[in-house]
Ligand SMILES: [Zn+2]
Ligand SMILES: [Zn+2]
Ligand SMILES: [Zn+2]
Ligand SMILES: [Zn+2]
Ligand SMILES: [Zn+2]
Ligand SMILES: [Zn+2]
Ligand SMILES: [Zn+2]
Ligand SMILES: [Zn+2]
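Numbering (my numbering), first residue to last: 12 to 431.
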């Protein structure tokens, strides 16, 4: 005995955690006390309260709480110790679902119930114990089960945290809260990504909006695209509130099948090209335009600005008129590498006159055979350059004629040269 005593005499005072659940305090276990305890053959430290808990404990009293079964008059005792423990966890109210001992006894024999997990897409169940059922409806079986998760879901739920997710409106910096519960639901459905959702501010704007039909941006198209509510929110919060310029779905898919085209410059002789963008092609198609557009290449359109219409004298001797050499024709001449200047061409007046004429057959005054009097010859006669023929070539050669005007006119004037 004395040997043992001396063995324990060296024990030091020790801090031991308070026995009250939820309390982080400690109480001091003195060496002497430890020695006595161990002499009794016990190895674990005794369960005691910290001084603070002990003080509170002394202020508390056991209270009688009515049985959770509404049809039972009896009660159960909420002990000082249980109240202290509840207090330590911040609870001042007694648990509501506790039965008196008689009811508890009765419920123990009753049926439990398997209730579907509250997570909608989870196929699991949780067990609604007989005691809890009794507390809910006094054993009548009337009360609906509470909404609760299965054990599996609860374990997952514990590890989840509410997370802020970016607003689905791209320019918006706001966030919305993806709650643990919603994450669990999503997970049960097999989704891992958060849904697309708006922040509260955007959602507020969204309220009361409706999708709107908005004209297709393609000129000549009379269809519409759907200006959706989220798009409207975007425009209202981060834009000018106006609908965007978009294509209808038909135009959009047509547009995607097109590619920009290169077209030849319309100036004859120019090898330049210009781009015909897809959108312009689409608009042409919508307007029912079948021909390719005829436009100037970039170089030509820059060069043409420096050119002016030139008034060029009519090619016909004796005509005082001019014809207009258009800038584009000048450009074409340049592109064809011509350096000699304007082409020889009739003025408008001469041309109109020639066009109004017919080639005539007139009789030779010498032999009566028919002479072909061309339209241009007729013009030259009118201009006073030549004279109207009277003899055929044969008669002219044999000197039949009274006057000879052949020097000023060709052998036959069969091929009028109109224009260039
Ligand atoms: Zn304590
Ligand atoms: Zn009871
Ligand atoms: Zn579940
Ligand atoms: Zn937002
Ligand atoms: Zn369209
Ligand atoms: Zn060109
Ligand atoms: Zn003329
Ligand atoms: Zn003749």
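The C-beta atom is built at its ideal place from N, Cα and C for all residues, glycine as well.
Of all residues, those with a beta-carbon under 6 Å from at least one heavy atom of ligand 3 are 128, 130, 133, 135, 160, 161, 163, 164, reported in chain order. Short note on residue 113: C-beta closer than 7 Å to some heavy atom of ligand 2. Short note on residue 85: C-beta closer than 7 Å to some heavy atom of ligand 2. Every residue whose beta carbon comes nearer than 7 Å to a heavy atom of ligand 6 appears here in chain order: 276, 278, 281, 283, 307, 308, 310, 311, 346. Counting only heavy atoms of ligand 5, the residues whose C-beta sits closer than 5 Å to one of them are, along the chain, 227, 229, 232, 234, 259, 262.
A direct Cα-Cα distance of roughly 15 Å separates residue 394 from residue 366.
Relative to the Cα of residue 38, the nearest Cα in the group 62, 348, 50, 375 belongs to 62.
Excluding the 5 residues flanking it on each side, residue 336 has same chain C-beta neighbours closer than 6 Å at 321, 323, 353, in chain order. Each of 355, 301, 56 was checked against the Cα of residue 332, and the nearest Cα belongs to 355. Between ligand 4 and the CB of residue 145, the shortest heavy atom gap is not smaller than 7 Å. Counted as a single uninterrupted DSSP element, the beta strand (DSSP E) harbouring residue 124 occupies residues 124–127. Burial check for residue 249: the Cβ neighbour count within 10 Å stays below 16, so the residue is exposed. Annotation for residue 30: 58, 59, 60 place their beta carbon closer than 7 Å to its own, counting only its chain and skipping 5 residues before and after. When secondary structure is reduced to three states using DSSP, residue 288 falls in the coil class, being assigned neither helix nor strand.
Under DSSP, residue 322 forms a beta bridge with 335. Minimum Cα-Cα distance from residue 196 among the listed residues 80, 361, 173 corresponds to 173. Judged by their CB atoms, residue 156 and residue 139 are nearer to each other than the 8 Å cut-off. With contacts defined as CB atoms closer than 8 Å, residue 245 and residue 176 fail to qualify as a contacting pair.
The three-state reading of DSSP puts residue 167 in helix, counting H, G and I together.
In this structure, residue 375 places its C-beta atom within 8 Å of the C-beta atom of residue 403.
In the displayed model, residue 23 falls within coil according to three-state DSSP, outside both helix and strand. Beta-bridge pairing by DSSP links residue 225 to 236. Of the residues 238, 271, 144, the one whose Cα lies closest to the Cα of residue 260 is 238. Rounded to the nearest angstrom, the gap between the Cα atoms of residue 291 and residue 277 is 17 Å. Around the beta carbon of residue 95, a 10 Å sphere encloses 16 or more other beta carbons of the protein chains shown; the residue is thus reported as buried.
In terms of Cα proximity to residue 65, the closest of 258, 98, 189, 88 is 98. In summary, residue 317 is exposed, with fewer than 16 beta-carbon neighbours lying within 10 Å of its beta-carbon over all protein chains present.
Annotation: residue 295 to residue 302 spans about 9 Å, alpha carbon to alpha carbon.
The shortest CA-to-CA distance from residue 224 to any of 216, 215, 234, 218 is the one to 234. Taking each of 74, 153, 263 in turn and checking the Cα distance to residue 232, the smallest one comes out for 263. For residue 315, the enclosing alpha helix (DSSP H) starts and ends at 309–315.
Under the three-state reduction of DSSP, residue 42 is assigned to helix. Contact annotation: the region 142–162 touches the region 100–118, with at least three C-beta pairs closer than 8 Å. Under the three-state reduction of DSSP output, residue 28 falls in the strand class. Comparing alpha carbon positions, the residue from 348, 391, 160 closest to residue 326 is 391.
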